[in-house]
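To start, the structure itself, in structure tokens.
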């Protein structure tokens with residue numbers, strides 16, 4: 059099954075459903091003598107979480123006095139709800155979902171970015187050179203994407219609503235129909251296409267003006283107010299892990315393969331190389347502010363995007379959804 063980041067499979071507003079029974083794969087090194095911290099990622103262990111596993115493998119969390127457990131969510135889980143209910147200390151989030159949660163009165167807050175841009179895009183069959191060519195073509199779209207990028211994509215390229223077909227993370231319809239496109243991540247759907255020897259094109263939404271950060275580190279407002287030391291230590295160790303991961307991913311990848319038995323070394327390498335090629339950690343802001351940088355201007359761009367697409371009330375308290383105090387103080391510069 060291919061992966062879509064937090065918020066693309068899950069409802070942006072469904073944060074009040076019952077927690078139900080939980081069963082999450084998790085990974086932890088030998089028990090450290092430190093403050094217990096649980097990080098819940100938005101999908102199974104893979105390269106897009108490599109820096110967190112690297113921080114665990116290299117002992118960066120332990121050096122900060124943290125005993126970190128990384129748990130991987132399943133498609134059925136509402137990860138922000140786990141955080142709001144105290145079942146996690148940190149999660150990897152999604153800007154749209156976070157802003158919607160805050161607008162609904164749920165006190166969550168982003169404390170650092172992981173990636174400087176989102177990895178979402180559209181995969182087409184070979185020969186497509188412009189997304190304008192997809193008018194009247196079927197496009198596989200997950201249900202939750204109707205509350206994120208689909209309204210914008212439809213307006214931008216003049217697509218009709220009926221072009222959207224349900225995407226259940228099964229690519230067989232796409233492989234069968236040469237006119238079809240599908241929402242995709244370079245590290246997931248493109249890998250599946252490679253395994254099938256199907257020539258494809260990939261259009262990254264970031265290159266078309268899609269504003270969100272990728273997988274921000276999210277905690278609760280209460281944590282930020284009452285335990286700044288824990289937040290600072292977690293952010294610092296995580297960013298050191300990410301910096302280290304792109305130098306030599308071997309330690310982190312070993313833990314990923316242990317945590318996710320369905321992940322192959324070849325797929326992991328494919329995902330890693332894609333992230334590295336995309337320079338996901340870097341931006342002009344990072345070069346001056348350090349890894350994990352976030353700015354009010356970028357968050358306002360996402361807020362404005364959502365308001366313009368009728369995805370967020372114009373009077374939503376969007377500024378409470380993030381804080382830059384931790385990354386601004388750390389200033390961990392990229393190697």
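In this note's numbering, the protein residues as written are 59 to 393.
Think of the CB as a built atom: it goes at the ideal place given N, C-alpha and C, for glycine as much as any other residue.
No experiment lies behind these values; they were computed from the predicted model shown.
Query, Result
"From what residue to what residue does the beta strand (DSSP E) around residue 271 run?", "No beta strand (DSSP E) holds residue 271; DSSP gives it neither H nor E."
"By Cβ distance below 7 Å, which residues in the same chain neighbour residue 293 in space, the five residues on each side in sequence not counted?", "169, 170, 275, 350, 384, 385 and 388"
"Using the C-alpha atoms, what's the distance from residue 132 back to residue 81?", "Bear in mind that the predicted position of residue 81 carries a pLDDT of just 46, short of 50, making it unreliable; the figure below should be weighed with that in mind. One C-alpha to the other measures close to 8 Å."
"Comparing alpha-carbon positions, which option in 141, 219, 287 and 146 lies nearest residue 96?", "146"
"Going by C-alpha distance, which of 374, 391, 393 and 392 is nearest residue 165?", "374"
"Suppose you measure from the CA of residue 323 to the CA of residue 183; what does that come to, to the nearest Å?", "26 Å"
"Measure the beta-carbon distance from residue 394 to residue 364 and round it to whole angstroms, keeping in mind my assumption that it falls under 8 Å.", "Examination of residue 394 is not possible in this model, given that the chain is present from 59 through 393 alone."
"Check the DSSP bridge columns for residue 218 and list the partner residues they point to.", "Residue 218 is not bridged to any residue."
"In three-state terms, what does DSSP make of residue 80?", "With a pLDDT of 43 at residue 80, under the threshold of 50, the modelled position of that residue is not reliable, and the figure given next carries that caveat. Coil, per DSSP."
"What residue range does the alpha helix (DSSP H) around residue 125 cover?", "Unbroken run through residue 125 is the beta strand (DSSP E), 124–130; no alpha helix (DSSP H)."
"With a floor of 3 residues, list each beta strand (DSSP E) that falls wholly inside the region 215–258, ordered by position along the chain.", "222–224 and 239–243"
"Would you mind reading off the limits of the alpha helix (DSSP H) that contains residue 154?", "153–161"
"Quick one: what's got a C-beta closer than 7 Å to residue 71's C-beta in the same chain, skipping five residues either side?", "Confidence is the limiting factor: at residue 71 the pLDDT is only 35, short of 50, which leaves the residue's position unreliable, though a coordinate-based value still follows. Same-chain partners within the cutoff: 158 and 162."
"Enumerate in chain order the residues of its own chain whose CB-to-CB distance from residue 392 is below 7 Å, with the five nearest sequence positions on each side excluded.", "301, 339, 340, 344 and 349"
"Which same chain residues end up closer than 6 Å to residue 336 when comparing Cβ atoms and leaving out the 5 residues on each side of it in sequence?", "none"
"Around the Cβ of residue 176, are there at least 16 other Cβ atoms within 10 angstroms (buried) or fewer (exposed)?", "buried"
"Rounded to a whole number of angstroms, what is the C-alpha to C-alpha distance between residue 210 and residue 367?", "6 Å"
"Ignore the nearest five residues each way along the sequence and tell me which others in residue 79's own chain have a CB closer than 6 Å to its CB.", "Because the pLDDT at residue 79 is just 38, under 50, the model does not fix this residue reliably, and the value given afterwards should be weighed accordingly. Counting only Cβ-Cβ distances below 6 Å, and skipping sequence neighbours, we find nothing."
"Cβ of residue 106 within 8 Å of Cβ of residue 245?", "yes"
"Report yes if the CB atom of residue 196 is closer than 8 Å to the CB atom of residue 214, and no otherwise.", "no"
"Would you list the one or two residues that DSSP bridges to residue 316?", "Beta-bridge pairing links residue 316 to no other residue."
"For the region 297–351, which segments carrying the alpha helix (DSSP H) assignment without a break, of at least 4 residues, lie completely within its bounds, in sequence order?", "308–317, 323–335 and 342–347"
"Can you tell me where the alpha helix (DSSP H) with residue 360 in it begins and where it stops?", "354–366"
"Can you grab the Cα-Cα spacing for the pair residue 270 / residue 278, in whole Å?", "20 Å"
"Is it the case that the CB of residue 370 approaches a heavy atom of the ligand ATP more closely than 7 Å?", "With respect to the ligand ATP, the structure offers nothing, as it holds no ligand at all."
"Going by the DSSP bridge assignment, what does residue 149 pair with across the sheet?", "98 and 276"
"Our contact map puts residue 333 next to residue 314 with C-beta atoms below 8 Å; I'd like the distance itself, whole angstroms only.", "Going by Cβ atoms, the distance from residue 333 to residue 314 rounds to 13 Å, so no, they are not a contact pair."
"Just to confirm, are residue 273 and residue 151 a CB contact at a threshold of 8 Å?", "yes"
"What does residue 109 pair with, by DSSP beta-bridge criteria?", "According to DSSP, which records beta bridges pairwise, residue 109 is partnered with nothing at all."
"Please list, in chain order, all residues of the same chain as residue 295 whose beta carbon is under 6 Å from its beta carbon, the five residues on each side excluded.", "113, 118, 119 and 122"
"Would you mind reading off the limits of the beta strand (DSSP E) that contains residue 167?", "166–170"
"Buried or exposed for residue 155, going by 16 or more other Cβ atoms inside 10 Å?", "buried"
"Identify, in the order they occur along the chain, each residue of the same chain with its Cβ nearer than 6 Å to the Cβ of residue 142, setting aside the five sequence neighbours on each side.", "164"
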